[in-house]
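Structure first, commentary second.
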Amino acid sequence: MSEAGPLVLLVEDEPQMRRFLRATLTARGFRLVEAETIAAAEIAATSQPPDLVLLDLGLPDGDGIDFARRLRGWTQVPILVISARGREADKVEALDAGADDYVTKPFGVDELLARMRVALRHAARAQSGVAEPLLEIGALRIDLARREVAVDGRALHPTPIEWKLLVLLARNAGKVITHRQILREVWGPGEGHQTHTVRVHMASLRKKLETDPAQPRWLLTEPGVGYRLREASDA
Amino acid sequence: MNRPDPDALLRRMNDEEARSSRARLKVWLGFAPGVGKTFAMLQNARELQETGVDLAVGWADTHGRYDTAALLLGLDIIPRRHVSHRGVEIEDLDLDAALARKPAVILVDELAHSNAPGGRHPKRWQDIFELLDAGIEVHTTLNVQHVESLNDVVAQITGVRVRETVPDAVLDRADEIVVVDLPPDELLKRLREGKIYLGANADRAAQGFFRRGNLLALRELALRRAAERVDADVAAYRRAHQIESPWSTAERILVCVGASPASERVIRAGRRIAAGLRAPWLAVWVERSGAAPLSDADREQLDTNLRLAESLGANVVRLLAARPAEALLEHARRHDVTRIVIGKPTHARWRDLLRGSLLDDVVRGSGEIEVQVTAGDEAHAGTAASPRSERSPLLDWIAAAALIGVATAIGTAGSALLELPDIAMLYLLVIMAVALRSGRGPSTLASGLSVAAYDFFFVPPYYTFNVDDFRHLFTFAMMFAVGLVISTLVLRIRRQERGAIAREQRTGSLYALSRELGTARDAPEAARALVRHVADVFACEAEALLGSDDQELASAARSGTAPLGAQDLAVARWAFEHEEPAGLGTDTLPGSRVHCVPLRSGPRVLGVLVLAPPVGTGWTLADRDPLDTFARQAALAIERAHLVEESKAAALRAQTEEIRSSLLSAVSHDLRTPLASITGAASALRDAATVADPERRAELIDTLCEEAERLEKLVANLLDMTRLEGGAVEIHREWVPLEELVGAALVRLERTLAGRAIRTEIDEALPFVALDPLLAEQLLVNLLENAAKHTPAGTPIEVRARARDGRLDIEVLDRGPGIPEGAESRIFEKFYRAAPASKPGAGLGLAICRAIAQVHGGTITASNRLDGGACFRASLPLTGEPPAIEPEPSE
């Protein structure tokens, strides 16, 4: 990229990790602001609003999750968590706190760049304010405006809840949506429902969508975290 | 050269050691009140305080004497304890306050004082012993008439029996005795001047106790007692310095103890003889095996006697033998006894003819042992069966008379047919019947009545008590005697039977207890068995408290429902800490509701057994021995349970250690291999020459990435394994569709499985299963990865899931080379690798699978398929029903 690429705020206290990311990202045309602590990151985020935040969780002056939560209070900037905490519960906590994605250390450069691209694209789409009315992922075709979904040109007939589920995943295609987020978006903020409810409806939606539900093409499960609709690019 | 006797040397060392480590007891000994003991003690205290000794006054009686009270000024006085007893305010030594204050030296006046009811101990000397045990030096005062062994002598001299006595052992324990002496005339003068008692009391004292003759005798006693002590010290000095003692052969005294009150005097006499000879002494009670058990009253008296002997310093021994005299003599010989002290018999001579005389047997068999017979009762060996205990109810007396009436009626009715001897036999039959049913009284009555009736109705002249024929008188005597003998024999048999039953019950219960204790797996179980049996045998509620590692007592088992009160627990605590029985029926806290026995095994006290008898039943502990046996048995079992637990824990530690070390060696190898590759490749990339060749560079970079990935996988597996094995993983079952799990695993391994035909076959009958979704997915991933690793690229892999017999079978099947023969179960072991050289990985994947199957309560097996390839099957139990989902409202 010849002109100024996206501005990335890298919040990470490990010097080696910063060195590796600095080398990779600047080579790919990203501009980089580095912060070692949450305090420094807060200043950097307000003085020079970034296009993307790469956030480590274990920081010397606190937990990155708190920072993500505060950041969400005033900006929709995509947040990508990079952490050595590999447990699903940690992922769910970060995603529920407002992070867009979660990459577990160690990770390859390719994977990180792919996730960053997805996050930036989502942000751009959200900023433009217009939802793409038509989504095509391989043989799957979702027409949001006309409320139609088809696989290989064959029209499907989801129930209202299944349709809401599909739309939620489609709007965030490529991004993991946690069980709690699904419950909140589809069923509303009530307390009456459980993960099990989500699983039941997801199973029936999958039956309609997939040829072999045990080898899904689109509706992917992130065990212990939630669901993700496969994006066109990684299909 | 005279070499010192090793025993004596040892004793001396023990004495010296004990003396140097234990707190000192100093006694001011006087012969009468008013000689100035308290005054002397206080004067000494003031001197001590001036030299900077931390000193406190626990109790001092000034008896209103002005000069004595003046000495108290400036001393630290511990406030007295106030007790209200039956409306009277009583003051007493505050033992707890004294223990809390813990001065170096404490003054406690009046050693012989009896404490107010409700105190911890009945006697002050017991308080003082507790103070000594706490390491506090005690100064106290004592009048000679309160010394236990002199009690009889003093009573004879003065005609006044002093009830408050102090065991001789207490005085023997004293490290220093200061005799406070005053000529009797001087003492009498002080009495007259009102310096001892005030007013009317002084007059009364002068008439009674304070007669000149008395005082002279008492003074002599006090001085002699002190001289005895000096003698003992000299003897000890002699022993210490190998000066030939005039008593080169050690004397040893054995005192026979019986169950009668008179035995107390024999015991005191024995103590005097022993003290005079400076000899150790034994007090022995022999129970005749097979004899009837003692009555409660006798048992109590026997315990009193034995306690007295113990308090006088005797070594108390209980023997059980068929022939008491032989057992006694054998015990005496085995313990090198030189002299046996035995009481004079008080019973009638005929009893000796009937039962044999212990005294006779002992004297005959004594041989070289001297036998000394003193006033008092012969030690009756288990034959003391008090008739008091068999008081017959009125009904028995009436029945006895009625039966004689019936016999007389039968005799009269059948007089035509019956001869006189037949009628005599009929009466004897009745006497036997009465003896079988009732006690001695009615039997004797029956004997008397039958003689009278026989005379009156059947011996001519009829209907008078006159007798024609002189021979009949002889018949009467015979009848009466035979009647008495029969009834005595019958009674004895009955008593023996009762005793046998009681012993049988106890033995049976003890046997049952030992059996239960033998099978008890842990301490609480042993405690439960103990409590159950004790409650049963001793007719009370029982509770077992066990001490923890930090010496806290906690209830382990309880027979009743009511928990122990704070007071009961305090008694238990005391018994636990002092390793002695306490509470009801003992010398410590006898006023409490419970009786506490420490559970001791060897030197360790493991806990306390608490007996809570029902209130108001006058429960007494008839016999300590069985209770002690129970407690000992249980303590052994509890200790054994502790040891088993400890050894189990040790074995587990050893096993864990072994696993850890093998794991460490495997891990260090597996971690180092990829690290070595990475380090090598990275350093090679620094080399300009290598980098110049693009092909070689690409190769090195590939190595870097592959090895790093391998390392990552290894670390992840290690972490998973550690979590699973450390028990840190809690299983969170959720209802998940199986296809979702399989799908997630397949998507995760998309790259690894690329180019293979994957077939899935999932039973339609089980859409939802309750599993931990994360662990189940991990299980599938590891199985699939394993299949991919060990089969040629491009070969198909199959995943099947179906329900069978309430279990879920998940199978991963491949078409590879299969599993080497004999390795079917070993492949699930940690660090086992089928093909070590070629494939990366630490051999943890399948071990993790097994661990996951196990936390789900399932199993995992591997086998070879008939038509080639391997089959891995995880079999997990299916549980419960999925929750209902409210159906979606149709539009």
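Chain order of the listed sequences is A and B. The first sequence begins at 1 in this note's numbering and counts up by one. The second sequence begins at 236 in this note's numbering and counts up by one. Cβ coordinates follow ideal geometry from the N, Cα and C atoms, glycine included.
Neighbourhood of residue i by C-beta distance below 7 Å, restricted to the same chain and skipping five residues each side
i: valine 717(B); result: Leu663
i: leucine 541(B); result: Val492, Ala518, Trp520 and Val551
i: alanine 610(B); result: Arg500 and Lys579
i: aspartate 998(B); result: Ala1036, Arg1037 and Ala1038
Helix, strand or coil at residue i according to DSSP, with G and I counted as helix
i: aspartate 143(A); result: strand
i: threonine 701(B); result: It is worth fixing the name first, because residue 701(B) is asparagine in this sequence and not threonine. Of the three classes helix, strand and coil, the one that applies to asparagine 701(B) here is coil, per DSSP.
i: cysteine 775(B); result: coil
i: threonine 1114(B); result: coil
i: glycine 62(A); result: strand
i: asparagine 350(B); result: coil
i: aspartate 571(B); result: coil
i: lysine 579(B); result: coil
i: isoleucine 43(A); result: helix
i: histidine 374(B); result: strand
i: phenylalanine 1003(B); result: strand
i: arginine 87(A); result: coil
i: threonine 1026(B); result: coil
i: threonine 159(A); result: coil
i: aspartate 785(B); result: coil
i: histidine 566(B); result: helix
i: leucine 489(B); result: strand
i: aspartate 100(A); result: coil
i: glycine 448(B); result: helix
i: glutamine 391(B); result: helix
i: phenylalanine 1107(B); result: strand
i: glutamine 16(A); result: helix
i: glycine 225(A); result: The sequence given here has valine at residue 225(A), not glycine. Residue state, collapsed to three classes: coil.
Neighbouring residues, chain B, relative to residue i (Cβ below 8 Å)
i: arginine 147(A); result: Within chain B, no residue comes near arginine 147(A); the closest Cβ sits about 12 Å away, beyond 8 Å.
i: proline 106(A); result: Ala943 and Glu947
i: glutamate 88(A); result: Leu1009
i: threonine 236(A); result: Residue 236(A) lies beyond the stretch modelled for chain A, which goes from 1 to 235, so this question has no answer here.
Cross-chain neighbours of residue i in chain A, by beta carbon under 9 Å
i: leucine 981(B); result: Ala214, Gln215 and Pro216
i: glycine 978(B); result: Arg206, Glu210, Asp212, Pro213, Ala214, Gln215, Pro216, Leu219, Leu220 and Thr221
i: proline 909(B); result: Neighbours of proline 909(B) on chain A: none; closest Cβ ~13 Å, over 9 Å.
i: glutamate 1116(B); result: Result: empty, since nearest Cβ-Cβ is about 12 Å, beyond 9 Å.
Proximal residues of chain B, C-beta to C-beta of residue i below 7 Å
i: proline 60(A); result: Correct list: empty, because the minimum Cβ distance to chain B is about 24 Å.
i: glycine 224(A); result: Pro1008 and Leu1009
i: threonine 46(A); result: Within chain B, no residue comes near threonine 46(A); the closest Cβ sits about 36 Å away, beyond 7 Å.
i: alanine 27(A); result: Within chain B, no residue comes near alanine 27(A); the closest Cβ sits about 15 Å away, beyond 7 Å.
Per-residue contacts from residue i into chain A (C-beta, under 7 Å)
i: threonine 995(B); result: Asp212, Ala214 and Gln215
i: valine 971(B); result: Arg199
i: proline 1031(B); result: Neighbours of proline 1031(B) on chain A: none; closest Cβ ~13 Å, over 7 Å.
6 Å Cβ shell around residue i - same chain, five flanking residues per side excluded
i: threonine 24(A); result: Val109
i: histidine 707(B); result: Val694
i: leucine 140(A); result: Val151 and Trp218
i: isoleucine 1032(B); result: Arg991, Ile993, Ala1022 and Asp1049
i: threonine 104(A); result: Gly86
C-beta neighbour in chain D for residue i, strict 9 Å
i: methionine 17(A); result: Among the chains of the structure shown, chain D does not appear; the protein chains present are A and B.
Residues near residue i in its chain [Cβ-Cβ closer than 8 Å; skip 5 each side]
i: histidine 570(B); result: Arg487, Leu489 and Leu517
i: leucine 1113(B); result: Leu1001, Val1004, Ala1005, Ala1038, Gly1041, Arg1042 and Leu1043
Residues that residue i contacts on chain B, provided the C-beta gap is smaller than 9 Å
i: alanine 139(A); result: Those do not exist, as alanine 139(A) stays about 17 Å from chain B at its closest Cβ, beyond 9 Å.
Rounded Cβ spacing between residue i and residue j (contact assumed at less than 8 Å)
i: aspartate 63(A); j: proline 78(A); result: Not quite, the Cβ-Cβ distance comes to about 19 Å (not below 8 Å), so this is no contact.
Do three or more CB pairs link the region 644-652 of chain B to the region 671-683 of chain B at distances below 8 Å?
At 8 Å Cβ cutoff, the stretches do not touch.
Count the CB pairs spanning the region 402-417 of chain B and the region 378-391 of chain B that are closer than 8 Å, and state whether there are at least three.
Yes: the two stretches touch, three or more of their Cβ pairs being nearer than 8 Å.
Would you call the region 3-13 of chain A in contact with the region 29-42 of chain A, where contact means no fewer than 3 C-beta pairs closer than 8 Å?
Because the criterion of three Cβ pairs below 8 Å is met, the region 3-13 of chain A and the region 29-42 of chain A touch.
So, do the region 939-946 of chain B and the region 909-923 of chain B have three or more beta carbon pairs nearer to each other than 8 Å?
Taking 8 Å as the limit for Cβ pairs, the verdict is that the region 909-923 of chain B does touch the region 939-946 of chain B.
Any 3 or more C-beta pairs closer than 8 Å across the region 972-986 of chain B and the region 210-227 of chain A:
Output reads yes: the region 210-227 of chain A touches the region 972-986 of chain B.
Given 8 Å as the limit, is there contact between the region 1038-1054 of chain B and the region 1002-1018 of chain B, that is, 3 or more CB pairs closer than that?
Using a Cβ-Cβ distance cut-off of 8 Å, the region 1038-1054 of chain B and the region 1002-1018 of chain B are in contact, since at least three pairs of beta carbons, one from each stretch, lie closer than that value.
Does the region 44-55 of chain A come close enough to the region 65-73 of chain A that 3 or more CB-CB pairs lie under 8 Å?
Flag = yes, the region 65-73 of chain A and the region 44-55 of chain A touch.
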